[in-house]
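In UniProt numbering, the protein residues as written are 1 to 563. We put the beta carbon where it would ideally sit given N, CA and C, even for glycine.
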């Protein structure tokens, strides 16, 4: 009897274990093949009384990070002069853009599973902390650290704002709101250099202190006005699964990979030794980690940071390439045009900021007009093609700038460039809204933002490398006794202090010629954008709502819509 009882007991235990294993398999299967809940249709029908205040809060938050990107441009010469840190100029931008692009991919998953409103609130507060560190920075290294903290905070803001618009605005109306969001970016781009110039005349530190009142206002508006909508997908129940949902291994592969790339570019550019051991090692580690990340994403499948099913979509890939190039072009012009005006034309920080108004005003007008036209016509591809063509023409004209260029020419050339930038700026974001299902948009948006900020992070470093190499080579021919270390250790505005007065005119011409390498780089990126624009699908955003309704209704009946 004991043997029978033991056998029955063991059988019962085996049945229980088998039951638990089956249950575990079902849980894992459900977890791995998670059906993302469709965005609730009622959320798309907010009244204007509820929608407009929410959009005000979102615009102000987006305005905050956009302002921070451009306000520092006119302050760079003063900052580098105070800290004697000409060689750190690129890092003032890259330290902000590196965490901004590295964390984009992870925040695509965070926003998929967690409240958009809460994520925006927390990371806007982190952005404010970074601004305080920058404003009080006693050294160049401290300023770079503060820029990194602001980059971490800003990383959640851009995808969060885009996702919130997706949650509350119907697809056919989104181009208008995305266009007005682009206008918020453009307005901040206008105010940034101008405001930065005036604040720098007092002290460059006010370029960061100004974020406090703006940020606090944004936090209050966000918390009071924005709806606390449920996330697009359901979170896992256990902490282990919650962590696994965010793909930590993928982050640990892609984060160091991109960091190694940027460090390699900075190190090779600063030392002018691309074959040096440390530079080569960094490039090798970058390549190995990147390949490992790609392999891991393919293995992980639909639960990866960048699901192959989504990333294999043609329009998304093309949109990422366009975003990479446009992001780099914007950073190059916003960062180096104020330097050109101050050094080559001898303008003050305030005047150099005002000199950017033709570029930035035309950009604002074009991005708003483009959004309205896409909403009415339904197609985004022709605007991407036309905008990039105009951008190529404007970029080509900027390469002809000389120290004695007439005012009418540099104003007209900037207007041309601004119209092109504005017309194609938001088309990648509109494109993915038309080709992806709504539960995939947070991933697609994070991929686009990653491309935008990666382009800025890499190309601003490449630009500085090209510029320094050209400038050192040309100035040594003019002043053979000039120590290159003095040039890279001096501020951008201190060129006249390094060159004898009899040779300053020739030195300014050399400075202008050296910056032409940067303009040619921007022109090349614009040309790539033009070619890539032909790869976008010709899909109408007006046809998508019925498809989304059909998908949502199917999902409500318990079936998973086919992708």
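Taking the C-beta atoms as reference points, residue 296 is found no nearer than 8 Å to residue 399. Rounded to whole angstroms, the Cβ separation of residue 222 and residue 324 is 29 Å, and the two are not in contact under 8 Å.
Looking at the backbone, the Cα of residue 264 and that of residue 281 are separated by about 8 Å. In this structure residue 202 is exposed. Its beta-carbon is surrounded by fewer than 16 other beta-carbon atoms within 10 angstroms. With contacts defined by Cβ atoms closer than 8 Å, residue 102 and residue 284 do not form a contacting pair. Every alpha helix (DSSP H) of 4 residues or more that sits fully in the region 205-231 is shown, in chain order, as 206-209 and 211-225. DSSP places residue 379 within a strand segment (E or B) once states are collapsed to three. DSSP lists 379 as the bridge partner or partners of residue 540.
With a cut-off of 8 Å on Cβ pairs, the region 159-179 is in contact with the region 441-448, counting three or more such pairs. Within the model, the alpha-carbon separation for residue 129 versus residue 212 is close to 9 Å. Residue 466 and residue 329 have their alpha carbons spaced roughly 15 Å apart. For residue 153 and residue 481, the gap between their C-alpha atoms comes out near 45 Å. Apart from sequence neighbours up to five positions away, the residues of its chain that approach residue 96 with a beta-carbon distance below 8 Å are 68, 69, 147, 148, 150, 151 and 154, ordered along the chain. Straight-line spacing of the CA atoms in residue 206 and residue 140 works out to 16 Å.
Straight through space, the alpha carbons of residue 418 and residue 393 are spaced by roughly 11 Å. Beyond the five residues adjoining it in sequence on each side, residue 381 comes within less than 6 Å, by CB distance, of 536 and 538 in the same chain, given in chain order. Between residue 383 and residue 320, the CB-CB gap reaches or exceeds 8 Å. With distances taken between CA atoms, residue 435 lies nearest to 312 out of 312, 249 and 240. Non-local beta-carbon contacts of residue 340 in its own chain, meaning distances under 6 Å to residues more than five positions away in sequence, involve 515 in chain order. For residue 214 and residue 64, the gap between their C-alpha atoms comes out near 7 Å. The region 329-338 makes contact with the region 451-460, as at least three CB pairs between them are under 8 Å. Residue 306 carries a coil assignment under DSSP once its states are collapsed to helix, strand and coil.
For residue 453, same chain residues with a beta-carbon under 7 Å away, outside a window of 5 residues either side, are 97, 100, 101, 104 and 327 in chain order.
For the set 472, 124, 72 and 411, the Cα lying nearest the Cα of residue 349 is the one of 72. Residue 172 is a Cβ neighbour of residue 542, given a cutoff of 8 Å.
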